[in-house]
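Only one structure is covered here, and it is reproduced in the block below.
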Amino acid sequence: PTLARTDFERDIRQFLVQDGNGAQRSPANPAATKAINWLVEEVLAAQSVILPFNQKFLQRYGILILYFSIFADHDMEPGNPDKTPLPHMGMRNQDECAWIGMTCDENGMLIGIKLTNRQLGGSLPSEWGFFPNLKSIDFYNNSLQSSIPEELYDISGLEQVFLYKNQLSGTLSSKLGRLWNLTQFHVSHNKLYGSIPPEIASTSKIRQIRHFNVHRNQMTGVIPSNMRLRRLFYMDLGHNRFSGTLPPDLGTQSVRLRHLFLDHNSFLGTVPESYVMAGQGRINTLYLNSNKLSGAFPGNSTLFQKMRKCVACRRIFVNVAGSNFLRDSLIQRGTE
C-alpha cells in the first residue's frame with residue numbers, strides 16, 4: 408500500500424521542531440519549512456522512514472536549512488551540467504556526510520563545512536545547534552549577506568572560522584570570547600563595524616587564537632588592552648577605522664607574534680618600542696602606515712634587520728631583507 412503523507416509528516420515535524428521538553432528547536436522561517444518539506448518528500452519517495460529519529464536526522468535537517476538559506480534558485484553548482492541548485496533530488500537517500508561541502512568524523516557527526524567560491528548570495532541561518540561537533544566553517548569568497556549569527560558562537564569546539572570576502576555586516580559578538588579552542592578567525596573584506604570584543608582576552612587560561620584578521624571592514628574603537636594572546640601569530644586590523652593609542656602590552660604579551668598589520672586607521676600617539684620587539688624580538692612584518700602616529704620611530708638597525716618588511720609611513724620605512732612579502736602568502740589579506 409502507498410504510504411500516506413499524514414502517516415509520518417506529523418511525527419517528523421514534531422521531532423524536528425520540538426525538543427524533549429516541547430520547546431521549539433528552530434524558528435518558523437522559510438528555510439526551515441523548506442527543509443522539513445524536503446525530508447517529508449524524501450520519506451514519501453522511499454515509502455518508509457529511512458532515517459531514525461536521532462542526532463543524525465537532526466543534523467540532516469540542519470544542513471538542509473543551511474542549503475536553503477545560502478543557495479537561491481539562481482545559485483547553481485559550478486561545473487554541474489544540469490545546473491541543479493542545492494539541495495537537489497539526487498541527494499535523497501545519500502548520507503548527508505557525502506553532500507557537497509560537508510565533512511564528518513568516524514561517527515558520522517559533522518565537523519567541517521566548506522562552501523567557497525560559489526557566489527552564494529543568501530544569509531547564514533541561526534540554526535547551528537544541530538552541529539555540536541563542528542570544528543571548521545569556510546565560506547570564503549561568496550556574497551553572503553546579513554550578520555554573523557549569534558548562535559554560531561555557541562559551538563564551543565569551533566576552531567576555524569573563514570568568512571572573508573563576503574558582504575557580511577553587523578558587529579562581532581562578545582560571545583566570541585567563549586570560543587577557547589578557536590585558532591583561526593578570518594572575516595576580512597566584509598562590512599563589519601563596531602569594536603573588537605574585549606572578551607577575547609585570555610583570563611585564567613591561555614587562548615588558542617593564532618590568526619585574527621578583520622582587514623578591510625568598517626570597525627572602530629581601540630585595541631583592547633591586556634588581551635594576553637600568547638599564541639597569536641598573525642593579526643591584521645588594517646584598513647578599518649580604529650583609533651586611540653597603541654597599547655604597549657600587545658607587543659610584550661604576544662610572545663609568538665610575527666605579523667602585525669595596523670595600517671590605514673586613525674591610531675594616535677607614538678609607536679611603543681614593544682611593537683618592534685614583539686614576538687620576543689622575532690616579529691617579521693609590521694605595517695603602521697596611514698595613521699596619525701607621531702614621534703620618533705623606536706628601535707635600531709639591528710632590530711630592523713630581523714624584519715622582512717616594516718612599513719611605518721606611506722613609503723617603506725625599511726626593507727633590509729629586500730623581500731616582497733605579501734599578506735596573501737599567509738591568508739588572503741587581499742589586494743590593496
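Using our numbering, the first residue of the sequence shown is number 408, and each one after it goes up by one. Where is the CB? At the ideal position from N, CA and C, for every residue including glycine. Quick caveat: nothing in here was measured; it's all calculated off a predicted structure.
Burial state of residue i (16 or more Cβ within 10 Å)
i    : result
P494 : buried
E557 : exposed
F460 : exposed
R648 : exposed
N696 : buried
G688 : exposed
K572 : buried
T590 : buried
N620 : buried
For residue j and residue i, the rounded distance between their alpha carbons
i    : j    : result
Y641 : T627 : 20 Å
M496 : P539 : 27 Å
V450 : S609 : 48 Å
N549 : S681 : 38 Å
S576 : Y600 : 7 Å
P655 : Q567 : 28 Å
R420 : G469 : 13 Å
L446 : W506 : 15 Å
I518 : S543 : 7 Å
M483 : Q501 : Caution applies to M483, whose pLDDT of 46 falls short of 50 and renders its modelled position unreliable; the value that the coordinates give is listed next. Answer to the nearest angstrom: the Cα atoms are 20 Å apart.
V718 : G645 : 12 Å
Q625 : G515 : 39 Å
W535 : V683 : 41 Å
D418 : V424 : 10 Å
Range covered by the alpha helix (DSSP H) that runs through residue i
i    : result
G519 : From DSSP, G519 is part of no alpha helix (DSSP H) but of the beta strand (DSSP E) over 517 to 521.
Y682 : 680 to 683
G658 : 656 to 660
L451 : 437 to 453
Residue from the options with nearest C-alpha to residue i
i    : options                : result
F475 : L551, L517, A505       : L551
S563 : L465, R614, N461       : R614
L667 : Q567, Q591, N691, Q660 : N691
N436 : L471, T677, E448       : L471
R663 : H622, L639, I607, L559 : L639
K699 : G688, W587, N672       : N672
I630 : R637, H622, V621, L653 : L653
S748 : S650, R635, L669, L675 : Nothing about residue 748 can be read from this structure; the chain reaches only from 408 to 743.
P705 : T677, Y694, G686, R499 : T677
S602 : C504, R617, S632       : S632
N-terminal and C-terminal residue of the beta strand (DSSP E) that residue i is part of
i    : result
G469 : Taken as a continuous stretch (DSSP letters only), G469 belongs to no beta strand (DSSP E), being part of the alpha helix (DSSP H) at 462 to 477.
K716 : 716 to 718
T652 : 650 to 652
L693 : 692 to 694
T510 : 509 to 511
I544 : 543 to 545
N620 : 618 to 620
V568 : 567 to 569
S673 : 673 to 676
Residue i: CB within 6 Å of a non-hydrogen atom of the ligand PLP
i    : result
G469 : As presented, the structure is devoid of all ligands, the ligand PLP included, so that no description of it is given.
Taking one C-beta from the region 434 to 451 and one from the region 508 to 515 each time, how about it: are there three or more such pairs within less than 8 Å?
no
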